[in-house]
Amino acid sequence: PARARAIVERFEPLTVLVVGDVMIDHFLIGQVERISPEAPIPVMAFDHEEYRIGGAANVANNVRSLGGRVSLVGAVGADEPGQRLLSELRSAAIDVTGIIVASDRPTTRKLRIVANQNKQVARIDFETKKALAPTYAQALLAHQSKAAEKADIIVVSDYLKGVITSELMTRALAASRAREVPILVDPKVPHLNYYAGCTLLTPNHHEASTATNSVIHTNAEAQQAARSLQSRLGCESVLITRGAHGLWLLDGSGGAVEPCEKALPTAAREVSDVTGAGDTVIATLALGLAAGAT
């Protein structure tokens, strides 16, 4: 406990660079009391709406909530959701200098219809998955390079919305090596090879299963998947998040001949909304590692 307290006390002066796909979560909340006569669908009586910071922006928000400083690099559209997201981030004291406003895309927005005590009725995604136009992509690279100069650790949060490209990832990895700071990646399988050489990869069990063409129901299967990913990508460590089954860690840090491999259980909780759980994990890990945790 004393060591843990000492590590947490070191969070405040640390700067985390978060690079990735920022988004805003939009919730329309109400009550369903009948089925529509027009079609077999529920009719919801609207009560109120909520907005929350999502995606890479949620990672940044978690870092800030834990006491660290954060620079965020990403893109929003030239629209009302983008302005709302930027306003929310500024209110949270997050540096948004590195967020570009791109007129060629909407701000990624996940609109959820939620009824009767957190039951999701439907979700509508406003987004594009195409790469940024070259002018915007170059501006993003410049922002990343500048922010990396002051970062104690780098986090890449990839949601396949066009920000993370092979070139951006190559430069992020180069900055990590040049400054001798860790780089953590919350991955997406189609971009897996982009992340080769990262310090820590944090897939969820679905992503790890798909990436290794395997099933993960047991610790032994999680162990094999983590070993396969480490071998394929040459990353130092792999952390597989397994929902109610906790975490599986393959820790290759410290230069040990044999990596440390172990299951990290979680305390069971009744959870109605798992949105952003992986963002919380990687934000906590980033600050912990930057503060000297092992």
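Per my numbering, residue 24 is the first one in the sequence shown, and the count goes up by one each step. A virtual CB, placed ideally from N, CA and C, is assigned to each residue, including glycine. All values reported here derive from a predicted model rather than from experimental measurement.
Item to check | Where residue 75 falls: helix, strand or coil (DSSP) | outcome: strand
Checklist entry - Around the C-beta of residue 120, are 16 or more other C-beta atoms found within 10 angstroms, so that it is buried, or is it exposed? => result exposed
Next on the checklist: As a quick exercise: from 142, 150, 154, 199, pick the residue whose alpha carbon is nearest that of residue 167.
Outcome noted: 199
Next on the checklist: Going by C-alpha to C-alpha distance, which of 101, 132, 115 sits closest to residue 123?
Outcome noted: 101
Next on the checklist: Could you check whether the stretch 29-45 touches the stretch 66-84, counting it as contact only if at least three pairs of C-beta atoms, one from each stretch, sit closer than 8 Å?
Outcome noted: yes
Next on the checklist: At the level of alpha carbons, what is the spacing between residue 311 and residue 246?
Outcome noted: 23 Å
Next on the checklist: Could you tell me the alpha carbon to alpha carbon distance between residue 147 and residue 179, rounded to whole angstroms?
Outcome noted: 25 Å
Item to check | Residues near residue 143 in its chain [Cβ-Cβ closer than 6 Å; skip 5 each side] | outcome: 135, 137
Next on the checklist: Extract the residue ranges of the alpha helix (DSSP H) inside the stretch 96-138, only unbroken runs of 4 or more that lie entirely within it.
Outcome noted: 103-114
Next on the checklist: Need the endpoints of the alpha helix (DSSP H) that residue 307 sits in, please.
Outcome noted: 300-313
Item to check | Spatial distance of residue 251 from residue 229 (CA atoms) | outcome: 15 Å
Checklist entry - Which whole runs of the alpha helix (DSSP H) in the stretch 228-274 are 4 residues long or more, in chain order? => result 228-235, 242-256
Checklist entry - Any idea which residues DSSP pairs residue 21 with across the strands? => result Limits of the chain in this structure are 24 at one end and 317 at the other, which puts residue 21 out of reach.
Checklist entry - Buried or exposed: which applies to residue 302, given that a residue is buried once 16 or more other Cβ atoms fall within 10 Å of its Cβ? => result buried
Item to check | Whole-angstrom distance between residue 240 and residue 176, CA atom to CA atom | outcome: 32 Å
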